[in-house]
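*Asks:* First, the structure itself, so that you have it in front of you.
Residue numbers (full-length UniProt numbering): 1 to 870.
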């Protein structure tokens, strides 16, 4: 065997090992159900996914070693926006073709071919499946799901129709986040907020393809002439290009500067045919800008709210005011903008300022601290837009979900995230379901001619409504990807089929990142409870933190800032990394950030990566896998030592021992396994792993093994037989428990030290209750005192620069040592060359010539006779 940890040796035959581990051999206990949050089909997994996989795999493996059955279901998300963005970038890069130059059918087919060729999520060897296998993920691949397959499509349609029939889904005109590059509405989660305190240049996509630089963060003062007067009212705005859709000017009713103008009318500075009223509203901030707000309800959510409150005043001036908009789906100004019609909004902004300046209606710029919203998928500036969309009323459903959490039906872990969920559930805004994309589940709504929309399960059902000879068109929009994702627990439990069982929670735990608590977790709760008749989708929600890149951005395949976990497992040179990044869709700036590893990434193997993910706050720039590698080497050395003990033993029979060191390590094992099980039951795998690691490094290697070395040196065969038996009884369950967290190294060492066949570890169970009889609280307490004494003696020896062979003699003064403490004196001698002559109370007098040494962390102390001869 190799003298040090060997990644190739421990990962040999890894595919079979992972399959064996997932097979639930001889497991007849309670079933544990969990799903893998479906990765998008836009590429490979990154370190953020690896964190999810490591946590979830540990939960499943722990359930199995206790004799239970763990069913962990993998799946893939069709990722509507993410896939379409990546495909569009791919088309532009390779063929200089835009989406609007292709038919819907051709583009959808291109998306389908691209996704299948890119991720190959079939059962054959796939990129993502290979990554999962290398990480040791024990998934149930025979039940893999995909959110755009026939089964899901049927369920999505069924859910939409039922919710529509219940009056929860409806069509309405509201302000939504609009991405001109996508020509679609997007969810809040796809919006990134960029703060600025001065004019800032950003890179955005061009409508014609490619990218361009634009400036944001400037507030402009525009002067609106007061009707019947030569007075000009200054209005501050960051978006002068929207002024062609203005319907009013708003001031605070208590603002003495402008209150006299309320009820009067101003003329539009660039459209002589347009006159708009001045209104008073308490939402206007008097100290922001000039204190006058232009109201543009078609292009701002707050403006829409203000306009709704002053509907009569606005329509009294212009009956068509509230239907006015001036920016189209491409981000270009429309016919309302007169001479600026057809211009891109950013180009128009500059020309509008020039025109205002020349006409005497420009009041200069104002210092402004603000924020701009960017589409996280494309980088384009989000345009608030008033459009007709499909919405879902979630207010009542959110209240049901809140009560489920408050009554304890669903537990949020860590509990600090519970309030974040409640904050989300208090949102009264409806859920915008429709997306103006081509890739995804088409909305099952139909119309004939100019008729109203009719929601039906199929085109055939629509013909039943409109007539067999009617010419029917289906809505071109697709559903928000979160809609289909919210049905995952239901569909995997058999809904809406006859085998669906709603009598119990569909999953035991939902583990995912905290950032999608509202977007996904909350929606799974409301959809499951509504469509199942009140059943919750899961009993527990476990939320982990995010893995970010060196720029602080969440890792995203669309941004191209991901680190492939296999780069950590297998290693990668800097040259290989640069080549891969240059072939990606990154901007030049992002490429510079992404080539931040001056020497590449050293090979670490899957166990060291899992170690780092479980034991550290992982940052992409500081992956502490070297600590995991050192731990692997420590395990390797442990087994090598056990083999030495075994070779030195004159018997292969187990020998019971009354040696306090043996009893203590078995007691510590019982305590450790109990705490590990408690942490895992409470869904805290990082604490469980820390507990086990501390036992292995501290109790087993640093303490117990040190107590055994003298027996080996002196060839005390009776003691060696006891040590061999004790190590066997301790290390076997320890390695089985370790296989939960670091499966490859644990399985290999288990087979090596116990001469077992590959895969035999999966027939070995660990139940913490089996080890309770080995516990001795009194002995563990006495050993705590022993270890303080050892630390004190070692520190003293170092300070006085005394030889390691020198024997200290002395007395322990302590009130909480047991009456049997003296039996541990041999351990003190083995570990510190300390000859304990007596144990007495704290108030016992110290003999003359003895030095008092306090014991750190204890009220006790030592009285030592230190005789140094020179």
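Cβ coordinates follow ideal geometry from the N, Cα and C atoms, glycine included. Treat the numbers as computed from the prediction; the structure is a model and nothing was measured.
For residue 726, does the three-state DSSP call read helix, strand or coil?
*Replies:* On the chain shown, position 726 is the one that residue 726 refers to. Correct three-state label for residue 726: helix.
*Asks:* Is the segment 501-516 touching the segment 531-548 in the sense that three or more CB pairs, one from each, lie closer than 8 Å?
*Replies:* Yes, since at least three Cβ pairs between the segment 531-548 and the segment 501-516 fall closer than 8 Å, the two stretches touch.
*Asks:* Rounded to the nearest angstrom, how far is the Cβ of residue 813 from that of residue 840, given a contact under 8 Å?
*Replies:* On the chain shown, position 813 is the one that residue 813 refers to. On the chain shown, position 840 is the one that residue 840 refers to. Indeed they touch by this definition, with Cβ atoms about 6 Å apart.
*Asks:* Can you give the beta carbon distance from residue 177 to residue 372, rounded, assuming they're within the 8 Å contact cut?
*Replies:* Position 177 of the chain shown, counted from the start, is the residue given in the question as residue 177. Position 372 of the chain shown, counted from the start, is the residue given in the question as residue 372. Incorrect: roughly 13 Å between the Cβ atoms, too far for contact.
*Asks:* Could you tell me which residues DSSP puts in a beta bridge with residue 330?
*Replies:* Within the chain shown, the letter at position 330 stands for residue 330. Beta-bridge pairing links residue 330 to no other residue.
*Asks:* Three-state secondary structure (DSSP) at residue 121?
*Replies:* Position 121 of the chain shown, counted from the start, is the residue given in the question as residue 121. Interpretation of residue 121 is limited by its pLDDT of 39, a score under 50 that renders its predicted location unreliable; the figure taken from the coordinates is listed afterwards. Three-state DSSP puts residue 121 in coil, outside helix and strand.
*Asks:* Going by alpha carbons, who is nearest to residue 519 out of 105, 16, 187?
*Replies:* Position 519 of the chain shown, counted from the start, is the residue given in the question as residue 519. That would be 187, whose Cα lies nearest to the Cα of residue 519.
*Asks:* Within the continuous alpha helix (DSSP H) that includes residue 201, where are the two ends?
*Replies:* To locate residue 201, count along the chain shown from 1; it is residue 201. Premise fails: residue 201 lies in the beta strand (DSSP E), 200-205, not in any alpha helix (DSSP H).
*Asks:* Whose CA, out of 45, 24, 28, 801, lies closest to the CA of residue 61?
*Replies:* Working through the chain shown from its first residue, we reach residue 61 at position 61. With distances taken between Cα atoms, residue 61 lies closest to 24.
*Asks:* Could you tell me the distance, in whole angstroms, from the CA atom of residue 240 to the CA atom of residue 230?
*Replies:* One-based indexing of the chain shown puts residue 240 at position 240. One-based indexing of the chain shown puts residue 230 at position 230. Going from the Cα of residue 240 to the Cα of residue 230 covers about 22 Å.
*Asks:* If you check the beta carbons only, do residue 662 and residue 708 fall under 7 Å apart?
*Replies:* Looking up residue 662 in the chain shown gives position 662. Looking up residue 708 in the chain shown gives position 708. Not a contact, by the Cβ cut-off of 7 Å.
*Asks:* Could you tell me the alpha carbon to alpha carbon distance between residue 180 and residue 347, rounded to whole angstroms?
*Replies:* Reading the chain shown from its first residue, position 180 is the one you call residue 180. Reading the chain shown from its first residue, position 347 is the one you call residue 347. Straight-line Cα distance between these residues: approximately 15 Å.
*Asks:* Under the three-state reduction of DSSP, which class applies to residue 563: helix, strand or coil?
*Replies:* Start at 1 with the first residue of the chain shown, and residue 563 comes out as number 563. The answer is coil: DSSP assigns residue 563 none of H, G, I, E or B.
*Asks:* So what's residue 31 in DSSP terms, helix, strand or just coil?
*Replies:* As a position in the chain shown, residue 31 is number 31, starting the count at 1. Residue state, collapsed to three classes: strand.
*Asks:* In terms of residue numbering, what span does the alpha helix (DSSP H) encompassing residue 299 cover?
*Replies:* For the purposes of this step, residue 299 is taken as the residue at position 299 of the chain shown. Element bounds for residue 299: n/a, residue is neither H nor E.
*Asks:* What residue does the beta strand (DSSP E) around residue 701 start on, and which one ends it?
*Replies:* Counted from its first residue, the chain shown places residue 701 at position 701. Neither: residue 701 is in no beta strand (DSSP E) and is coded neither H nor E.
*Asks:* In three-state terms, what does DSSP make of residue 225?
*Replies:* Position 225 of the chain shown holds residue 225. Residue state, collapsed to three classes: strand.
*Asks:* Beta-carbon separation of residue 295 and residue 256 under 7 Å?
*Replies:* The residue labelled residue 295 in the question sits at position 295 within the chain shown. The residue labelled residue 256 in the question sits at position 256 within the chain shown. No, they are not a contact pair.
*Asks:* Hey, residue 810 and residue 864: beta-carbon distance below 7 Å or not?
*Replies:* What you label residue 810 is simply residue 810 of the chain shown in a count that begins at 1. What you label residue 864 is simply residue 864 of the chain shown in a count that begins at 1. Yes, the Cβ-Cβ distance between residue 810 and residue 864 is below 7 Å.
*Asks:* Can you tell me which of the three DSSP states residue 814 falls into?
*Replies:* The residue labelled residue 814 in the question sits at position 814 within the chain shown. Residue 814 falls in the coil class under three-state DSSP.
*Asks:* Using a Cβ distance threshold of 8 Å, determine whether the segment 161-169 contacts the segment 379-395, with at least three qualifying pairs required.
*Replies:* Yes, they touch.
*Asks:* Compare the Cα-Cα distances from residue 76 to each of 149, 600, 101, 108 and report the closest residue.
*Replies:* Counting from one through the chain shown, the residue named residue 76 turns up at place 76. When only C-alpha atoms are compared, the closest one is 149.
*Asks:* Return the chain-ordered list of same chain residues with a C-beta closer than 6 Å to the C-beta of residue 281, the five sequence neighbours on each side being excluded.
*Replies:* Locating residue 281 in the chain shown gives position 281, where the first residue counts as 1. Correct list, in chain order: 250, 306.
*Asks:* What's the call for residue 125, buried or exposed, on a 16-neighbour Cβ count within 10 Å?
*Replies:* The residue given as residue 125 occupies position 125 in the chain shown. Any reading at residue 125 needs caution, since the residue's pLDDT is 38, under 50, leaving its predicted position unreliable; the model's value is listed next. Exposed, by the Cβ-count rule.
*Asks:* Using the Cα positions of residue 850 and residue 866, report the straight-line distance between them to the nearest angstrom.
*Replies:* Here residue 850 corresponds to residue number 850 of the chain shown, with the count starting at 1. Here residue 866 corresponds to residue number 866 of the chain shown, with the count starting at 1. Each residue's alpha carbon lies about 7 Å from the other.
*Asks:* Determine the direct distance from the alpha carbon of residue 466 to that of residue 183, and round the result to whole angstroms.
*Replies:* Position 183 of the chain shown holds residue 183. Position 466 of the chain shown holds residue 466. Taking the straight line from one Cα to the other gives about 30 Å.
*Asks:* From which residue to which residue does the alpha helix (DSSP H) around residue 791 run?
*Replies:* Residue 791 sits at position 791 when you count from the first residue of the chain shown. Where residue 791 is concerned, the enclosing alpha helix (DSSP H) stretches over 777-799.
*Asks:* According to the Cβ coordinates, are residue 269 and residue 224 closer than 7 Å?
*Replies:* In the chain shown, the residue the question calls residue 269 occupies position 269. In the chain shown, the residue the question calls residue 224 occupies position 224. Result yes, Cβ atoms of residue 269 and residue 224 sit closer than 7 Å.
*Asks:* In chain order, which beta strand (DSSP E) runs of at least 3 residues are fully inside the segment 46-74?
*Replies:* The qualifying runs are 69-73.
*Asks:* In whole angstroms, what separates the C-alpha of residue 155 from that of residue 497?
*Replies:* Walking along the chain shown from the start, residue 155 turns up at place 155. Walking along the chain shown from the start, residue 497 turns up at place 497. Distance between the alpha carbons of residue 155 and residue 497: 9 Å.
*Asks:* What does the alpha-carbon distance come out to for the pair residue 121 and residue 191?
*Replies:* Locating residue 121 in the chain shown gives position 121, counting from the first residue. Locating residue 191 in the chain shown gives position 191, counting from the first residue. In this prediction, residue 121 has a pLDDT of 39, which is less than 50 and means its spatial position is unreliable; what the coordinates show is noted afterwards. Their backbone Cα atoms lie some 28 Å apart in a straight line.
*Asks:* Taking 8 Å as the threshold, find out whether the segment 407-426 comes into contact with the segment 443-454 through three or more Cβ pairs.
*Replies:* Output reads no: the segment 443-454 does not touch the segment 407-426.
*Asks:* Anyone know if the C-beta pair for residue 443 and residue 475 falls short of 7 Å?
*Replies:* Counting from 1 along the chain shown, the entry for residue 443 is found at position 443. Counting from 1 along the chain shown, the entry for residue 475 is found at position 475. Yes, the Cβ-Cβ distance between residue 443 and residue 475 is below 7 Å.
*Asks:* With distances taken between CB atoms, is the gap from residue 66 to residue 767 smaller than 7 Å?
*Replies:* As a position in the chain shown, residue 66 is number 66, starting the count at 1. As a position in the chain shown, residue 767 is number 767, starting the count at 1. Contact: yes.
*Asks:* Would you report the Cα separation of residue 352 and residue 237, rounded to the nearest angstrom?
*Replies:* The count along the chain shown starts at 1 and reaches residue 352 at position 352. The count along the chain shown starts at 1 and reaches residue 237 at position 237. Going from the Cα of residue 352 to the Cα of residue 237 covers about 13 Å.
*Asks:* Reducing DSSP to helix, strand and coil, say where residue 373 ends up.
*Replies:* Start at 1 with the first residue of the chain shown, and residue 373 comes out as number 373. Of the three classes helix, strand and coil, the one that applies to residue 373 here is strand, per DSSP.
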